[in-house]
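Working notes, beginning with the structure itself.
Residue numbers (this note's numbering): 345 to 528.
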């Protein structure tokens, strides 16, 4: 089991135990099957980004609460040491550079999207904000029913308590940096 799978496994189990929830309860809250949750907790399955979002939203926790490990005071983060979370058959890669911390209430992610790739996210908790800067390429971002084209070196900010979709509509791999801010 790699480090990220181990973290996800341990964190899911700890969060479930702290909330005194059975696997059945978590399955009902998240829409993720009991068997899949059990496999994740045992480290037998690596969940997709979409599955992690379902779990986080259903449990009312941050996305990276499932990913975080022990923290240090000062640390250089090397992208090569971060296990990418994949969706859209590996064409959408999410790198959790700075996972959520209760003292900060935000997380910072780097996202790489191959040409024509797409990823959707279900609504987050009320008050959750997403701030995105596109550093390369062009991304079509749908928030609710509205679409916004965000080109390189531009950004977008929106309330994430509604469906939102990211689609690379440019001619190259799109790279964007995302800050997700969680209100308490």
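Yeah, the Cβ is synthetic: ideal placement off N, Cα and C, and Gly gets one too.
Owing to the predicted nature of the structure, the values given are computational and were not obtained by experimental measurement.
Residue 394 versus residue 465 - alpha carbon distance: Numbered from its first residue, the chain shown carries residue 394 at position 50. Numbered from its first residue, the chain shown carries residue 465 at position 121. Computed Cα separation, rounded: 7 Å.
Contact set for residue 458: own chain, Cβ-Cβ below 7 Å, skip 5 residues either direction: Position 114 of the chain shown, counted from the start, is the residue given in the question as residue 458. If we look at residue 458 and ignore the five residues flanking it on each side, its Cβ neighbours are 435, 512, 517.
Residue interval of the alpha helix (DSSP H) (run including residue 347): Sequence index remark: in the chain shown, residue 347 carries index 3 (1-based). Where residue 347 is concerned, the enclosing alpha helix (DSSP H) stretches over 347-362.
Delimiting residues of the alpha helix (DSSP H) encompassing residue 383: Locating residue 383 in the chain shown gives position 39, counting from the first residue. Per DSSP, residue 383 belongs to the alpha helix (DSSP H) from 378-385.
Cβ neighbours of residue 367 in the same chain (closer than 7 Å, five flanking residues each side left out): Working through the chain shown from its first residue, we reach residue 367 at position 23. Counting only Cβ-Cβ distances below 7 Å, and skipping sequence neighbours, we find 378, 381, 382.
Helix, strand or coil at residue 430 according to DSSP, with G and I counted as helix: Here residue 430 refers to the residue found at position 86 of the chain shown. In the displayed model, residue 430 falls within a strand according to three-state DSSP.
Where residue 372 falls: helix, strand or coil (DSSP): Reading the chain shown from its first residue, position 28 is the one you call residue 372. Assignment of residue 372 by DSSP, reduced to helix, strand and coil, places it in the helix class.
Alpha-carbon to alpha-carbon, residue 403 and residue 373: Along the chain shown, one-based indexing puts residue 373 at 29. Along the chain shown, one-based indexing puts residue 403 at 59. As the crow flies, the alpha-carbon of residue 373 is around 7 Å from that of residue 403.
Where residue 479 falls, given that 16 or more other Cβ within 10 Å makes a residue buried: Mapped onto the chain shown, residue 479 falls at position 135. Exposed is the call here.
C-alpha distance - residue 375 paired with residue 356, whole-angstrom precision: Indexing the chain shown from 1 puts residue 375 at position 31. Indexing the chain shown from 1 puts residue 356 at position 12. Answer to the nearest angstrom: the Cα atoms are 15 Å apart.
Per-residue burial, residue 527 [other beta carbons within 10 Å of its own, 16 or more giving buried]: As a position in the chain shown, residue 527 is number 183, starting the count at 1. With fewer than 16 Cβ atoms within 10 Å of its Cβ, residue 527 is classed as exposed.
Sub-8 Å separation of residue 505 and residue 470 beta-carbons: Along the chain shown, read from residue 1 onward, the residue named residue 505 stands at position 161. Along the chain shown, read from residue 1 onward, the residue named residue 470 stands at position 126. Contact flag set, yes.
Residue 443 - partner residues in DSSP beta bridges: In the chain shown, the residue the question calls residue 443 occupies position 99. BP columns for residue 443 are empty, so no partner.
One or two residues paired with residue 499 in a DSSP bridge: One-based indexing of the chain shown puts residue 499 at position 155. In the DSSP output, where bridge partners are listed per residue, residue 499 has 477.
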